[in-house]
Each structure stands twice: as C-alpha cells, then as structure tokens.
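Notes follow the structure.
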Amino acid sequence: MKRLAILGASGHGKVVADTAECCGWQSVEFFDDAWPGLQKNGVWPVVGDTAALMGRLADFDGVLVAIGNNRVRHAKLLELRAEGARLVILVHPAATVSRYAVIGEGAVVFAGAVVNAEACIGQGTILNTGCSIDHDCLLGDAVHISPGARLAGGVQVGDLSWVGIGASVRQLVRIGERVLVGAGSAVISDIPDDVTVAGVPAKRMR
647 MKRLAILGAS
657 GHGKVVADTA
667 ECCGWQSVEF
677 FDDAWPGLQK
687 NGVWPVVGDT
697 AALMGRLADF
707 DGVLVAIGNN
717 RVRHAKLLEL
727 RAEGARLVIL
737 VHPAATVSRY
747 AVIGEGAVVF
757 AGAVVNAEAC
767 IGQGTILNTG
777 CSIDHDCLLG
787 DAVHISPGAR
797 LAGGVQVGDL
807 SWVGIGASVR
817 QLVRIGERVL
827 VGAGSAVISD
837 IPDDVTVAGV
847 PAKRMR
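The letter at position 75 of the sequence shown is residue 721 when you use the numbering used here, and the numbering goes up by one with no holes.
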C-alpha cells in the first residue's frame, strides 16, 4: 500500500489529498500543528503534528507540504528535506504537462493546469486548478500560481511569489521574489522583488 503523509490540514490540503488519490496513493494521512484539536480534514484523518511526522517519516512512501502560505510551506519543505523525508511530486491526471518540462520535488499540479515545453517549475510550487504555464517559463521555489492564471512564454517568477486568481502575465516578463500579483491583474512589465501589484495594467500598490 502506497502511503502519503501531508503536512497542513486545510482546504488546500483537501485538494492535494484528492489529487493524490487520483494519482494512485492508497492511504493519505494529515499532520497539522492544530492537532489534537483538529482530528479530520474532510474525509481524511489528522493523526499528529509536525513533530509527530518527523518521528514517523519511515512509515510513509512520500511526503508533501500542503500549506498555502509560501514562506511557511518553503520552511517546512526545507525542514522535511533536512530530515530525509521522501518528498514527492503530484500531477493530477487531468493536468497536461509536457515531457520536456521539469517539475521540482514537493510541487503540486492540479486538474486542468497546463505546463508547456521547457518550462521549469521550482520545488514546493503550487500550480493551481486550470492555470497555464507556457514554454520556457522559469518558476522559483515555493511559488503559487492561482486558479486560472496565465503565464505566457518565457516568464520568470522568483521564489515565494504569488500570482493571483485569473491574472495574466505577458511574455518574457520577469516577476521578482516575494511578489504578490493581485487577482485579475495584467502584468505587462517587469516587477521588482518584495512588492504588491494589481490592476490592468498591473501597477505597484502603495
């Protein structure tokens, strides 16, 4: 039996667990620091906290972090890697991923997402439902591309950045690290590190 441990019992975690089952994982268990107060996440059990997971890594064939906050997800991913966890990649069977794309460990690709040739997706990145990552895009670690967001060819997105639901990014644009792109925005020019942008066209928020 293939057993998967998921750290982070949230709504996002439910989608990760559902995707895991679609990918053939036969047993899914959650760990969350709200345990023991939190015992269930939807239909899946919450069986311990982070410390408990660290002590049981050998019991699982794979581990994923399902925490929406990019910084926290990245920190937990590094912590698990340091302890020798078997970090896996989940690609929903209803996603379309080019055989010439590269997906980093700990990443998840949800239903309806498209990843085209020569795209490179960093570790711990979330490619959410129905997003599109075109050819030659380069996404850093712990990035989140929200549902329905569209990245044209050759876009770069730095570590820990978040592209909001339904946003669009013009070809060859560079988005820096720790950037937040607002929902429905149209990014047509480069964005520096550590800023929030929104609007059509996207502009820096004060």
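Where is the CB? At the ideal position from N, CA and C, for every residue including glycine.
- Under the three-state reduction of DSSP, Cys-668 is assigned to helix.
- Restricting attention to Met-851, Ile-821 and Phe-706, the CA atom closest to the CA of Phe-677 is found in Phe-706.
- In the three-state reduction of the DSSP assignment, Thr-842 falls in the strand class.
- Here the C-alpha atom of Leu-724 lies approximately 10 Å from the C-alpha atom of Gly-730.
- Boundaries for Arg-745: no alpha helix (DSSP H) harbours it, and the DSSP string shows neither H nor E there.
- Minimum Cα-Cα distance from Ala-798 among the listed residues Leu-785, Ala-741 and Val-711 corresponds to Leu-785.
- Under DSSP, Glu-675 forms a beta bridge with Ala-651.
- In the DSSP assignment, Leu-699 falls within the alpha helix (DSSP H) that extends over 696-701.
- Counting the other Cβ atoms within 10 Å of the Cβ of Leu-818 gives fewer than 16, which makes it exposed.
- According to the DSSP assignment, Leu-710 belongs to the beta strand (DSSP E) that extends over 708-711.
- Taking 7 Å as the cut-off, the Cβ atoms of Arg-719 and Ala-651 do not count as close.
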